[in-house]
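As they're listed, the protein sequences go chains A and B. Heads up: the first sequence begins at 1 in the numbering used here, then just goes up one per residue. Heads up: the second sequence begins at 1001 in the numbering used here, then just goes up one per residue. Below: one structure, written as structure tokens.
There are 2 protein chains.
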Amino acid sequence: QPVPQVPFPQFTDPFQYELEKLRRESENVNKTFEEKTSILRAELERKLAEVRAEYQRKFHEVEVEKNARETEVERTKNIVIMNKLLGNAFLSKCTTKIASHPS
Amino acid sequence: QPVPQVPFPQFTDPFQYELEKLRRESENVNKTFEEKTSILRAELERKLAEVRAEYQRKFHEVEVEKNARETEVERTKNIVIMNKLLGNAFLSKCTTKIASHPS
């Protein structure tokens, strides 16, 4: 909400009037400075958060890609092992048959 | 410097050969992942530093502007006070003259 304006006091002395005007001007300078820095601070935080979020997405993409490749390697490894076991079983069956039916 | 490639060992067993190939593939997946995340981390740090530097400049501009306005208020205040003193001195001189030369 806007800060209510303090009514300007009545001065009979023009010197006091000028000093009060300058005191208010000085107050105004500080208020404007505080407002501007506060806006900049908020903007800065927002931009930093945006950059961090953008890179969180990129890190996530790289991780998803890595997991997919790891799964693929694991799948291939299982196929290789399965083939080896099947080969062994087949060999063992043949060897048994050859042993039980010698030519 | 590039990491020297470890020569691929000779395998008589094709099963061992396949497993070694997959072990290397898995190593490669991890190496690529580490490299990519390392590049992203460096990029992220660079971007964050850029944003911070940009806002440091903006904060500095706002401060310079505030200091200039404060200096201006101070300068005006000194003029007002100086005028008041001159006015007082002038008044006092006139009052003295009027008192010493009554009409």
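Quick reminder that beta carbons are idealized off the backbone N, C-alpha and C, glycines included.
Check: Output needed in chain order: residues of the stretch 1007-1039 of chain B with a Cβ under 8 Å from some Cβ in chain A.; Outcome: 1015, 1018, 1019, 1022, 1025, 1026, 1029, 1030, 1032, 1033, 1036, 1037
Check: Under a CB-based cut-off of 7 Å, is residue 64 of chain A close to chain B?; Outcome: no
Check: If I'm right that residue 25 of chain A touches residue 1073 of chain B with Cβ under 8 Å, what's the distance once you round it to whole angstroms?; Outcome: 5 Å
Check: Compare the C-beta of residue 70 of chain A against all C-beta atoms of chain B and say whether one is closer than 7 Å.; Outcome: yes
Check: What residues of chain B sit near residue 44 of chain A, judged by a beta carbon separation below 8 Å?; Outcome: 1051, 1052, 1055
Check: Tell me the rounded alpha-carbon separation between residue 1036 of chain B and residue 53 of chain A.; Outcome: 17 Å
Check: Hey, is residue 1048 of chain B's beta-carbon within less than 7 Å of any beta-carbon in chain A?; Outcome: yes
Check: Closest by CA to residue 1062 of chain B, which one among A:33, A:68, A:27, A:5?; Outcome: A:33
Check: Against chain A, with Cβ distances strictly below 7 Å, would residue 1077 of chain B count as a contact?; Outcome: yes
Check: Just checking: is the beta-carbon of residue 84 of chain A within a distance shorter than 7 Å of some beta-carbon in chain B?; Outcome: yes
Check: Just to confirm the assignment, what range does the alpha helix (DSSP H) spanning residue 949 of chain B have?; Outcome: The structure shown has nothing for residue 949 of chain B, since chain B only spans 1001 to 1103.
Check: Report the neighbours of residue 1059 of chain B on chain A: residues whose CB is nearer than 8 Å to its CB, in chain order.; Outcome: 37, 40
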